[in-house]
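*Asks:* Encoded as C-alpha cells, here's the structure I'll be asking about.
Number of protein chains: 2
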Amino acid sequence: MLRKKTSSNDVARIARVSQSTVSRVFSDSDAVRQKTRDKVLAAARKLGYAPNALARSLITRRTDIVGIVMADMTNPFYPTVLEKLTQRLQSTGRRALLFNVTPDRDVDDTLPLLLQYQVDAIIITSATISSEMTNECARRGTPVILFNRYVPGAEMSAVSCDNVAGGRLVADLFLNAGHTRLAYIAGRKNTSTNLDREKGFGERLRERGCPDWLYEPGEYTYESGFAAAQRLLARNDPPDAIFCANDIMAMGALDAARELAIKIPDALSIIGFDDIPAAGWPAYRLTTIQQPVDQMIEATLEMLDARIKDPDLAPVHRWIPGALIKRCSAKIRDAETTSHAK
Amino acid sequence: MLRKKTSSNDVARIARVSQSTVSRVFSDSDAVRQKTRDKVLAAARKLGYAPNALARSLITRRTDIVGIVMADMTNPFYPTVLEKLTQRLQSTGRRALLFNVTPDRDVDDTLPLLLQYQVDAIIITSATISSEMTNECARRGTPVILFNRYVPGAEMSAVSCDNVAGGRLVADLFLNAGHTRLAYIAGRKNTSTNLDREKGFGERLRERGCPDWLYEPGEYTYESGFAAAQRLLARNDPPDAIFCANDIMAMGALDAARELAIKIPDALSIIGFDDIPAAGWPAYRLTTIQQPVDQMIEATLEMLDARIKDPDLAPVHRWIPGALIKRCSAKIRDAETTSHAK
DNA sequence: ATCGTTCGTGAATACGTATTCAAGGACAAT
DNA sequence: ATTGTCCTTGAATACGTATTCACGAACGAT
C-alpha cells in the first residue's frame, strides 16, 4: 500500500509542468492555460492529490480556521449555537477548532494552544477571558469575540442578547398580570447574562414601586432550578411568579411546582430565558424570552470578518433584542402582545 | 502596535544561540544545557514567542488534530458525547476540528477538507461514510472510526452500544411484565442503531412466540416520537407497551400519552434508549437503556491511538453493552434487577 | 599523553506550498 | 523588420520549524 503523501511536485513531474503551475491550478487565482490546467488536473486525479492546507497556510498566513471556545456544552441552548455556528463557518469556507473548557479558569490556559495553530479568529461562548490574554491576542492581530458574555468595561468585542431589556420585560409582564410576590432564580453568579437579567428585572420592579422580591441562587442547571424552586415554594410566603435566568432552570422549577401540585399558571407564573427546543414540549409549554440565535450568529460573523480584514478595528459590543414567546407557564394580561423586548 | 509574528529565529538572535537550539528547547525532547535553556526561555518570554504549530506539523507529519464529523447535534445525546470527546482529546494533548454535516450525503464531501488539514485521525459520529472515502483514508494512512454507527460488512472500525442486545432486553422486559400488544417507534431508517435495536427487539419477541408487533416510523426527534405515539394510541387496538428507538422520541411519546390522560406505566409502558439527562427529570422519569458513553469514548480513543501508531491495523468493531436504567415509565416485574444488557 | 566517548551546539536541509521575477512566445501595430 | 504588450510558464525563494550531520569541548580510562 502506497503510503507516500503526494505533493504538488509529484503532480508537476507527471504532468510535465513546474510545481508553480500546479500551485496556480489549485489556488485557481492565477491564469493558467486551459490545456495545461487539464493536464495538471488529470495528473492530480490520477495521484489522488489534494493540497496540504498546512503548508499553504504557512505562506498565506491564513488558516481559515476559527477557534471556538465553549463552556457549558450540556446546557441545551449551546448545541444549537454550536451547530449553527459551525454550519455558517463551513458555508463560508472555514473550519472550527473546538475547545471545551470549564467556565472560569481554563480559557486563559487554552488560548495559547489555539494561537499556536494560527487561527484566524476566536469565538468564546459562555465564558470570558482575562485582559492580559485579550492584549496578547490583539498584539498578534487575532480577533476575539465573546458570544453571550462580556466583561464590563473591558475592551473586547462581544455579541449578546439584550438581557437587561429582557429582564425588564419580564418584570412588566409579571406586574401587569397582577402578581405581587415575585422571585428570581439566578444563573451562575458573575456571569454577565445572569447579572444583566437580574439587573433589568430588579431595576424595572423598583421603577414600578415594587422593590422587594425573593432571590435564590442557581447554576443554570435543571437540578439547581428544581432545588431553588423547592426552597421558594416551601416558604410561608411563597412567590406567585418566578423569573428563572434560563429555560433549563425554569423547567426544573416547573417540575418542582408540579410535584407540589401547584397550578400553573393560575397559582404560579414561571418565565424562563433562551427558548430552547424543550421549552415548547407539551410537558412544559414554557413562556420565555427567546434569544435570537440566528441574528446573534450573523452579528458575530460580521464582526469577525471585519476584524480579520482589519485587526485594528476598535472593539464593539452588539446587543440584540430578545422576543417574548408566549406559552402556558405564565399568566399574561390579554392586552400584552407578542413583542420584541425593546 | 507590533504586528510582526515572532519566530524561533528572532528568539535565537536575541538569545545569541542558533535556531536549532531554540527548536530543541521548545520540542524539549533533545538535550540542552540548563544555562542555555534559560537564556532561550528568557528571550522567548520577552518576545512573547510561541512555536508555530503549522510549521511544526509540516515537518513532524503530526498535527495532533483529530477531525470530528458530527450530524444531529441537537439530539441531546450528542452534546454529551462531544463534550467528553473533546475533553479527552484535550487531556491527551490533541485538539478537535469539528465538522457539522447532514446525516447522509455531506460526509463524503466534508472529508477531503479534513484531510487537507492533515488530521491525525477522524471520528465520525451518527453518520457513515462511503467505501471509496474509507479507502482514500486508508491509502493516506488516516485512521477513521465510526462512533455509534457502522456499515454492515464494510471494512471500517466502529464503536457502538450493543444495540441488538438492548433491543432484546426491552423485549424481555415487556413480555415479563405481561404486556401483550407491543409497539416499536423507529429511528431514522437505515441507521445501524435503529436497525439493530429493532432487530434485537423483534428477534427476541419471535423467539418467545410473539411475532406480531406494531411499527411506526420516526426520525429520532421529539416531534416524530410524539406524532408516532399519537398514531399508535389512536388505534382501535392501541399498544400497552412502546419501545422507542431513542429517549427523545420516548419523551414525545410520553407527552402524547399524557395528553390522552393515559396512565403511565399502568396502562402503558414506554422504554427509551440512550439515557440522556432529561430522561431523569421528574416530568418524565423515563425507563431506558443507557448507552455507556464513557466506555464507548475510551474504546474509541484506544482504537484511535493504536491506529495512529500503526495505520495498517485491521479494522475492528467494538460493541459495548448498555445498562437498564429503571425509572417509572415502564411496568417491570419485581424479579427484574438492574442489570447489564448482555 | 592518547584514545574513545559523551555532551552540547550550529550549519544545512527538508517539509509542501504561494509568490515574485524573469523570460519566452505570440501577436498586433507601426 | 521592429517594437511593445499580453499571456503563460519556470526558477528561485520564503514561510517557520524539526532533524541530521559534523564538530569541538570536556572528560574518564588507559
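If you read the protein sequences in the order shown, they are chains A and B.
When we follow the working numbering, the leftmost residue of the first sequence carries the number 1, and every step to the right adds one.
When we follow the working numbering, the leftmost residue of the second sequence carries the number 343, and every step to the right adds one.
Backbone N, C-alpha and C define an ideal beta-carbon position, used for all residues, glycine too.
Note that this is a predicted model, so its numbers are computed, not measured.
#1: Within 9 Å (strictly less), CB to CB, does MET251 (chain A) reach chain B?
#2: What span of residues does the beta strand (DSSP E) with LEU286 (chain A) cover, start to end?
#3: Just by C-beta distance, which residues in the segment 436–459 of chain B are closer than 9 Å to chain A?
#4: Determine, using beta carbons only, whether PHE585 (chain B) and TYR526 (chain B) come nearer to each other than 9 Å.
#5: Quick one: does the C-beta of THR363 (chain B) sit closer than 8 Å to a heavy atom of the ligand SAH?
#6: Report yes or no: do three or more beta-carbon pairs, one from the segment 514–526 of chain B and one from the segment 487–505 of chain B, lie closer than 8 Å?
#7: Among B:LEU455, B:GLU497, B:ILE464, B:ILE466, which residue has its Cα nearest to the Cα of SER473 (chain B)?
#8: For SER157 (chain A), tell me which candidate among A:SER29, A:ARG235, A:ASP10, A:ALA299 has the shortest Cα-Cα distance.
#9: Hey, which unbroken runs of the alpha helix (DSSP H) at 4 residues or more fall wholly within the segment 150–208 of chain A?
#10: Would you please verify whether the beta carbon of LEU2 (chain A) is less than 9 Å from any beta carbon of chain B?
#11: Taking all protein chains shown into account, do 16 or more other C-beta atoms lie within 10 angstroms of the C-beta of PRO553 (chain B), making it buried, or fewer, making it exposed?
#12: Starting from CYS244 (chain A), follow the alpha helix (DSSP H) in both directions and report where the run begins and ends.
#13: Going by the CB atoms, is the gap between LEU456 (chain B) and ILE464 (chain B) shorter than 9 Å?
#14: Does the structure place the segment 54–73 of chain A close enough to the segment 390–406 of chain B that three or more beta carbon pairs sit under 8 Å?
#15: Check the Cβ-Cβ distances between LYS605 (chain B) and every residue of chain A, and say whether any is below 9 Å.
#16: Measure the C-alpha to C-alpha separation of ARG366 (chain B) and TYR391 (chain B) and round it to an integer number of angstroms.
#17: I need the DSSP call for THR125 (chain A), collapsed to helix, strand or coil.
#18: Could you give the distance in angstroms between the alpha-carbon of TYR459 (chain B) and the alpha-carbon of ASN246 (chain A)?
#19: Closer than 8 Å between beta carbons: that is the criterion. Which residues of the segment 618–644 of chain B meet it against chain A?
#20: Just reading off the alpha helix (DSSP H) that ILE248 (chain A) is part of, what are its end residues?
#21: Please classify GLN376 (chain B) as buried or exposed, where buried requires at least 16 neighbouring CB atoms within 10 angstroms.
#22: Just to confirm, are GLY202 (chain A) and LEU169 (chain A) a CB contact at a threshold of 9 Å?
#23: Report the option in A:VAL316, A:PHE226, A:ALA267 whose CA atom is closest to the CA atom of ASP240 (chain A).
#24: Could you tell me which of B:ASP462, B:THR405, B:ASP504, B:THR476 sits nearest to ASP538 (chain B), measuring between CA atoms?
#25: Assuming the contact rule is C-beta atoms closer than 8 Å, MET412 (chain B) and PRO79 (chain A) should be a hit. Round their C-beta distance to whole Å, please.
#26: What does the alpha-carbon distance come out to for the pair ALA469 (chain B) and ALA261 (chain A)?
#27: Return the residue from the list A:PRO103, A:ILE129, A:PHE99 that minimises the CA-CA distance to VAL119 (chain A).
#28: Find out if the Cβ-Cβ distance for the pair GLU478 (chain B), LEU453 (chain B) is shorter than 9 Å.
#29: With a CB to CB cut of under 6 Å and the five nearest residues on each side skipped, what residues in its chain are close to TYR215 (chain A)?
#30: Quick check on GLY542 (chain B) - is its C-beta less than 9 Å from some C-beta in chain A?
#31: Considering only C-alpha positions, which residue in the set A:THR92, A:ILE65, A:ALA171, A:LEU173 is nearest to PRO143 (chain A)?
#32: What do you reckon, are the CB atoms on ILE308 (chain A) and LEU286 (chain A) nearer than 9 Å?
#33: Between which two residues does the alpha helix (DSSP H) holding ALA648 (chain B) run?
#34: Check whether the segment 221–229 of chain A touches the segment 251–265 of chain A, counting contact only when three or more Cβ pairs, one atom from each stretch, lie closer than 8 Å.
#35: In chain B, which residues lie with their C-beta within 8 Å of the C-beta of TYR220 (chain A)?
#36: Would you list, in sequence order, the uninterrupted beta strand (DSSP E) runs of no fewer than 3 residues that lie entirely inside the segment 363–416 of chain B?
*Replies:* Short version:
#1: yes
#2: LEU286 (chain A) -> no beta strand (DSSP E), and no H or E assigned at all.
#3: ARG437, ALA438, LEU439, LEU440, PHE441, ASN442, VAL443, THR452, PRO454, LEU455, LEU456, LEU457, GLN458, TYR459
#4: yes
#5: Absence of the ligand SAH from the depicted structure is noted, as is the absence of any ligand whatsoever, leaving it without description.
#6: no
#7: B:GLU497
#8: A:ALA299
#9: 163–176, 192–207
#10: Summary for LEU2 (chain A): the model assigns pLDDT 46, below 50, so the residue's position carries little reliability, and this model does not support an answer.
#11: exposed
#12: Segment 241–244 is the beta strand (DSSP E) holding CYS244 (chain A); no alpha helix (DSSP H) there.
#13: yes
#14: yes
#15: no
#16: 14 Å
#17: strand
#18: 38 Å
#19: PRO619, ALA620, TRP623, PRO624, ALA625, TYR626
#20: 247–259
#21: exposed
#22: no
#23: A:ALA267
#24: B:ASP504
#25: About 10 Å separates the two Cβ atoms, so there is no contact after all.
#26: 43 Å
#27: A:PHE99
#28: yes
#29: TYR184
#30: no
#31: A:ILE65
#32: no
#33: 635–651
#34: yes
#35: Chain B residues near TYR220 (chain A): none, gap ~13 Å exceeds 8 Å.
#36: 407–412
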